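2 protein chains.
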Amino acid sequence: MAHDERRLEVLRAIVQDYVSTNDPVGSKALAERHDLGVSPATIRNDMAVLEEQGYITQPHTSAGRVPTDKGYRLFVDRLSAVKPLSVAERRAIERFLDGAVDLHDVLSRSVRLLAQLTRQVAVVQYPTLSRSAVRHLEVVQLAAARLMLVLITDTGRVEQRIVDTPVDVDAGAVAELRTLLNAAFVGVKLVDAGQKVPDLLETAPPHLRGLVATVSATLLETLVEPSEDRLVIGGTANLARGNALDFPGSVRPLLEALEEQVVVLRLMSQVDASTVLVRIGEENAHEALTGASFVSVGYGSDDRALGGLGVVGPTRMDYPMNMAAVRAVARYVGHLLAES
Amino acid sequence: MAHDERRLEVLRAIVQDYVSTNDPVGSKALAERHDLGVSPATIRNDMAVLEEQGYITQPHTSAGRVPTDKGYRLFVDRLSAVKPLSVAERRAIERFLDGAVDLHDVLSRSVRLLAQLTRQVAVVQYPTLSRSAVRHLEVVQLAAARLMLVLITDTGRVEQRIVDTPVDVDAGAVAELRTLLNAAFVGVKLVDAGQKVPDLLETAPPHLRGLVATVSATLLETLVEPSEDRLVIGGTANLARGNALDFPGSVRPLLEALEEQVVVLRLMSQVDASTVLVRIGEENAHEALTGASFVSVGYGSDDRALGGLGVVGPTRMDYPMNMAAVRAVARYVGHLLAES
DNA sequence: CTTGGCACTCTGCCCGTGCGAGTGCCAACC
DNA sequence: GGTTGGCACTCGCACGGGCAGAGTGCCAAG
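Protein chains in written order, with my numbering: chain A, 366 to 705; chain B, 366 to 705.
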């Protein structure tokens, strides 16, 4: 059993060396840089076993070994300790995020911060609408038969929609409508908003029923369906760094996938606020993300993740560092959003 | 004088060939592909003159010629006709942008569209706040002494700020405040909002003066200063295409500059809605944009540009096409924003 | 002023070679 | 049985010479 343990130690050493040097690592170099207490020859034997088990591979016959996705997976799951951030880093987070003036500001600062901290591409999701609650609904009349509906959520998101009404509306009706809508929806989570509509229709004075129905329909249709989630992306410049080796073909498909947003949003949908989710290379089950790893976590209070944030980089990344950074930023963002 | 004309024709041919093939173009190829009516030898003579005048250059002895920034400039100013978009392209624009549901949707669709149309990086600026007018101001009470101020502009921008008040406020006061603010500011351009404040303070009932002063201060401070202009960027994947030749070093500094936004915003500040602005290579006077050209135009009605949009790409780009695309999209965005 | 001819200059590419890194295997050792 | 040093072997890669092609500048003739 002692062998097994040392073999894992060898794997850890390989991952660490490869991440920091970007060169396939050989048995001799390993023996020199880590005191594993055994000779290169022994390490070679261990490496042969690790390779057979699929944790490492060699790019070509006489080169050092490189971790496989499976190897990174084992490393992340069992071999890496969460590396706490330095005081300076924590302070940088605070300095960077304090003074944010609204939601968009918080998120765009976060994404910049995360990109800078990790030197990877950073991704931050807007608070999911469906999990947010209504703070206020505003109705603004644009024309006789055209209203603008403004939804303000407790997470600070503001969404607006134009509603064309079947008949002209007068100012009094607008005011009434506003009161009705707020009475019905304030404090209600958007995901539950649909259930309130029948009630609302019933209590509405008859002359407003039609209007309320039209407006509610727009509200539900466009705001409750989860499609409209948004992303802020930053640090793409980091892809143009050591890339040649990191991403086999080019960074193009990756950039395209990021801009597409859908792919990332799907990954994001799986996060919760308590554990950092790491998806490595092929695990992402998306062609463009092969060769890339995605480290993410939810932000918000523990009981409900408002949204997710994370970083995307080459599988050859410093997982403990990225996990720590992602978690720290998520915590801070969660606090900021909770108190505003 | 006939010589001069033909020389310009040669320059145009060089630009066109170089843009489409990405290879330095030689005299023989030129003679074959364009019927200039003269032999390669004559073209060589013209080329020698063009080179002496600084319009073209050769990467190394015995390679073809490549246009310089100055050469592109001449091409753009005098040698290129605006290439009208095809019907299919116009239709694509409509199809792509119709159905946009709010401002952000319009802009993010535009940026995607522009990136796709031009195969360059696209940049769209949010309507400048200072040039927008107030459509509605909303006051939402978050806590006894904390208000949220929501500004909705006639361009569809929605901005929010938290205001901490010196004393507790009751619901009645909030309603009064809302009425007062709207009466004072609706229809007023933000840039002129400052002038309305004295009036407002005077007409406000005494018990609200303090509140109004605090709120107005925040409004002016955070919303009127032009710093808070925002950009939407898309199509960065296009930088990772033929890049190796297009951008000498790497695309990294360019990506960084784009993310920084400041550089682009400064360039954007110079656009108006009537003419397409083209800045070529060194003209951008910014290190990261050396080797890049920036094609931009303002959108909005002719008399006031609400913001700008454009594309960034290698100096070796199809200027007529990009100029046409940028202008067409700007027109359409202008219409969309005007009617909502 | 234009044109064909010609010598010249470079770059890019192919290819063979040598070097170094790293491995796998084996026999000896603890 | 696991560990170790020795050793032959395999590749990839960097280096350098040689060759072909593209393009030029110049010149003399039309």
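Note that beta-carbon positions come from the ideal geometry of N, C-alpha and C, so glycine has one too.
Everything numeric in this text was worked out from a predicted model, so none of it was measured.
Would you call the region 558-578 of chain A and the region 445-458 of chain A touching, i.e. three or more CB-CB distances under 8 Å?
By the Cβ criterion, the region 558-578 of chain A is not in contact with the region 445-458 of chain A, since fewer than three pairs of Cβ atoms, one from each stretch, lie closer than 8 Å.
When every heavy atom of the ligand NAD is checked, does at least one fall within less than 7 Å of the C-beta of ASN547(B)?
The ligand NAD is not part of the structure shown, which contains no ligands of any sort.
In whole angstroms, what is the alpha-carbon distance linking ASP382(A) and VAL375(A)?
Looking at the two C-alpha atoms, the distance is approximately 10 Å.
Quick check on the burial criterion: 16 or more other C-beta atoms within 10 angstroms. Buried or exposed for ARG443(A)?
The residue in question, ARG443(A), is exposed, as its Cβ has fewer than 16 Cβ neighbours within 10 Å.
Give a yes or no on whether the C-beta atoms belonging to VAL335(B) and LEU671(B) are separated by under 8 Å.
Residue numbering for chain B in the displayed model covers 366 to 705; residue 335(B) lies beyond these limits and cannot be assessed.
Please classify LEU479(A): does DSSP put it in a helix, a strand, or coil?
helix
For the structure I just gave you, are there three or more beta carbon pairs, one from the region 597-604 of chain A and one from the region 476-490 of chain A, closer than 8 Å?
yes
Tell me, to the nearest whole angstrom, how far the beta carbon of ARG500(A) is from that of VAL539(A); I am working on the premise that it is less than 8 Å.
About 20 Å; that fails the 8 Å criterion.
Counting only beta-carbon atoms, is GLU621(B) nearer than 8 Å to chain A?
yes
Run of the alpha helix (DSSP H) containing GLU503(A), from where it starts to where it stops
Not the alpha helix (DSSP H): GLU503(A) falls in the beta strand (DSSP E), residues 499-508.
Can you tell me the Cβ-Cβ gap for LEU654(A) and ALA622(A), rounded? I've got them flagged as a contact below 8 Å.
With a contact defined as Cβ atoms closer than 8 Å, LEU654(A) and ALA622(A) qualify at about 6 Å.
Separation of LEU395(A) from ALA378(A), as counted between CA atoms
7 Å
With a threshold of 7 Å on Cβ separation, who are the neighbours of ASP529(A) within its own chain once the five nearest residues in sequence on each side are excluded?
ALA510 and ARG511
DSSP three-state call for TYR383(A): helix, strand or coil?
When DSSP states are grouped into helix, strand and coil, TYR383(A) belongs to the helix group.
Within the continuous alpha helix (DSSP H) that includes PRO405(A), where are the two ends?
405-417
In this structure, what does DSSP give as the bridge partners for THR422(A)?
VAL431(A)
Partner residues on chain A for ALA605(B), Cβ-Cβ distance less than 7 Å:
SER615, VAL616, ARG617 and LEU620
Identify the contact partners of HIS501(A) in chain B, using a Cβ-Cβ distance below 7 Å as the criterion.
VAL505
So, using beta-carbon positions, are ARG372(A) and ASP434(A) closer together than 8 Å?
no
Cβ-based burial, GLN525(B) [other Cβ within 10 Å; buried from 16]:
buried
Could you name each continuous beta strand (DSSP E) segment of 3 residues or more that falls completely within the region 568-653 of chain A, going from the start of the chain to the end?
596-599 and 642-645
Does any CB atom of chain B fall closer than 8 Å to the CB of VAL466(A)?
yes
Does ARG681(A) get closer than 8 Å to chain B when you measure Cβ to Cβ?
Nearest CB-CB separation between ARG681(A) and chain B: not below the 8 Å threshold.
Would the beta-carbon of LEU555(B) fall within 8 Å of that of SER497(B)?
yes
Given a threshold of 16 other Cβ atoms within 10 Å of its Cβ, counted over all protein chains shown, does GLN485(A) qualify as buried or as exposed?
buried
For GLY599(B), would you say it is in contact with chain A, using Cβ-to-Cβ distances shorter than 8 Å as the test?
Closer than 8 Å to some Cβ of chain A, the Cβ of GLY599(B) qualifies, so yes.
Would SER475(B) pass as a contact of VAL698(B) if the rule is Cβ separation under 8 Å?
yes
Would LEU502(A) and LEU546(A) be called neighbours here (beta carbons separated by less than 8 Å)?
A contact, by the Cβ cut-off of 8 Å.
Please check if any C-beta of chain A sits within less than 8 Å of the C-beta of GLN418(B).
no
For MET633(A) and MET366(A), the rounded distance between their alpha carbons
For MET366(A), the predicted structure reports a pLDDT of 45, less than 50, and the residue's modelled location is therefore unreliable. A value from the coordinates is still provided. Those two C-alpha atoms are separated by around 39 Å.
Any C-beta of chain B within less than 9 Å: which residues of the region 686-699 of chain A qualify?
none
Measure the alpha-carbon distance for GLU567(A) versus VAL471(A) and round it to whole angstroms.
The alpha-carbon atoms of GLU567(A) and VAL471(A) are separated by roughly 40 Å.
Taking the continuous beta strand (DSSP E) assigned at PRO679(B), which residues delimit it?
672-679
May I have the straight-line CA-CA distance separating GLY436(B) from THR579(A), to the nearest angstrom?
59 Å
When DSSP labels each residue in this structure, what does LYS448(A) get in the three-state scheme?
coil
Bridge partner(s) assigned by DSSP for VAL523(B):
ILE517(B)
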